[in-house]
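Q:
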Amino acid sequence: MPDELPDAEGPGGDSDTRRDRTDADPDGAVSPPSSEPGDGETPVRGSVTGWAAWRRLGLMGRPRATRANVIVGLLALALGFAIAAQVRQTDLEGLANLREEELVRILDNVTQENSRLSGEIRELEQTRSQLAAGATSEEARAAAQARLDSIQVLSGTVAATGPGIVLTVTDPERQVSAALLLDTLQELRDAGAEAVEINGVRVVASTYFTDLDDGVTVSGQPIRPPYVIRAIGDPPTMAAAMDIPGGVRESVRRLNADATIDQRDSLDITSLHSPTTPQYARPVPSPTS
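When we follow numbering that gives the first Met the number 0, the leftmost residue of the sequence shown carries the number 0, and every step to the right adds one.
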């Protein structure tokens, strides 16, 4: 017959054990059971006592590698990778912090610049192909002359003609600064302006602006309002660049000034720039065969 458990209320039973432990620890804390049975205690067959019981309890509390746990772990890992990739992508996308009109402006500028560069690449490739195919010396001279004309227009050493706009800035309170005129010039260049003059002064890559008490200077030449800016390029594109939100016309109006735009099918720029001889820069010698 199986062994009978001792009476719960008898000597060595649970009541006496709980009372003994309570008397031993007045705070009511229960200490881990001793591995050795006390006096009067009869160990139960198959029971685990002492530190072995605590060890078994710890093993029971460990997570088990069930199928559900594995699936949840894989999903958490995939989610972590996705979040990390998104954070990295967000860090790389510095343009996300710009306003919509700024993004539109940048996109338009990049598109126009890309179109212009693509056209130049096609022209140069065509010229190279013609020269490589044994084009006549007359064609080579014509290509060289066209390139020279383009460089002279961009450098301001020859007069220029073509479609464009006339931007007139009236400033009765003398609030328009050199910095604002420089921003205007940059906006026109970004919009594709190929030749520009302001109050009869040709504007080139080296042009600079400074403030005066009653006006500004352009490369050392004083000019006063109204400021008349003539620019050759695509008239609708340049006019739109002046009217973007937060752009030139809006900035001028905040200063109690005004800016008007006149689009022209034909516009002449006759002022010239006198280039100075570079002090340090020299052309790279052509490689000799």
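Virtual Cβ for every residue (Gly too), placed ideally from N, Cα, C.
Remember, it's a predicted structure, so these values are computed and weren't measured experimentally.
(1) Taking the alpha-carbon positions, what's the residue 191 to residue 109 distance?
(2) Assuming residue 158 contacts residue 267 (C-beta within less than 8 Å), just tell me the rounded distance between them.
(3) Could you give the distance in angstroms between the alpha-carbon of residue 246 and the alpha-carbon of residue 260?
(4) Are there three or more Cβ pairs, one per stretch, closer than 8 Å when the region 227-239 is compared with the region 188-208?
(5) Cα-Cα, which of 154, 203, 174 and 114 is closest to residue 210?
(6) Measuring alpha carbon to alpha carbon, tell me which of 185, 165 and 142 ends up nearest residue 105.
(7) What are the complete beta strand (DSSP E) segments, minimum 3 residues, inside the region 207-256?
(8) Is residue 269 helix, strand or coil by DSSP?
(9) Would you identify the three-state DSSP class for residue 170, choosing helix, strand or coil?
(10) Please report the distance separating the alpha-carbon of residue 147 from that of residue 220.
(11) Looking only at its own chain, which residues have a Cβ that is under 6 Å from the Cβ of residue 296, when we skip the five neighbours before and after it?
(12) On the DSSP bridge list, what partners appear for residue 196?
(13) Looking only at DSSP bridge pairs, what is residue 165 linked to?
(14) Less than 8 Å between the C-beta atoms of residue 201 and residue 163, yes or no?
(15) Does the distance from the C-beta atom of residue 119 to that of residue 129 stay below 8 Å?
(16) Using 8 Å as the threshold, is the C-beta distance between residue 243 and residue 100 below it?
A: Here's the rundown:
(1) Here residue 191 is taken as the residue at index 192 of the sequence shown, counted from 1. Here residue 109 is taken as the residue at index 110 of the sequence shown, counted from 1. Taking the straight line joining both Cα atoms gives about 11 Å.
(2) Indexing the sequence shown from 1 puts residue 158 at position 159. Indexing the sequence shown from 1 puts residue 267 at position 268. Right, the Cβ-Cβ distance comes to about 7 Å (below 8 Å), so this counts as a contact.
(3) The residue given as residue 246 occupies position 247 in the sequence shown. The residue given as residue 260 occupies position 261 in the sequence shown. Straight-line spacing of the CA atoms in residue 246 and residue 260 works out to 14 Å.
(4) These segments touch.
(5) As a working note, residue 210 is residue 211 in the sequence shown. It is 174.
(6) The residue you call residue 105 lines up with position 106 of the sequence shown. When each option's Cα is compared against that of residue 105, the closest is 185.
(7) Listed in chain order, they are 208-210, 215-217, 220-222 and 226-231.
(8) Translated into positions along the sequence shown, residue 269 becomes position 270. Reduced to three states, the DSSP call for residue 269 is coil.
(9) Walking along the sequence shown from the start, residue 170 turns up at place 171. Coil, per DSSP.
(10) In the sequence shown, residue 147 corresponds to position 148, counting from 1. In the sequence shown, residue 220 corresponds to position 221, counting from 1. Roughly 28 Å between the two C-alpha positions.
(11) Because residue 296 is not part of the residues shown, which for the chain are 0 to 288, the question remains open.
(12) Sequence index remark: in the sequence shown, residue 196 carries index 197 (1-based). Bridge partners of residue 196: 201 and 229.
(13) Counted from its first residue, the sequence shown places residue 165 at position 166. Residue 165 is bridged by DSSP to 229 and 261.
(14) Residue numbering aside, residue 201 sits at position 202 when the sequence shown is read from its first letter. Residue numbering aside, residue 163 sits at position 164 when the sequence shown is read from its first letter. For residue 201 and residue 163, no; Cβs fall outside 8 Å.
(15) Translated into the one-based positions of the sequence shown, residue 119 becomes position 120. Translated into the one-based positions of the sequence shown, residue 129 becomes position 130. Not closer than 8 Å, so no.
(16) Counting from one through the sequence shown, the residue named residue 243 turns up at place 244. Counting from one through the sequence shown, the residue named residue 100 turns up at place 101. Residue 100 is positioned such that its CB atom lies closer than 8 Å to that of residue 243.
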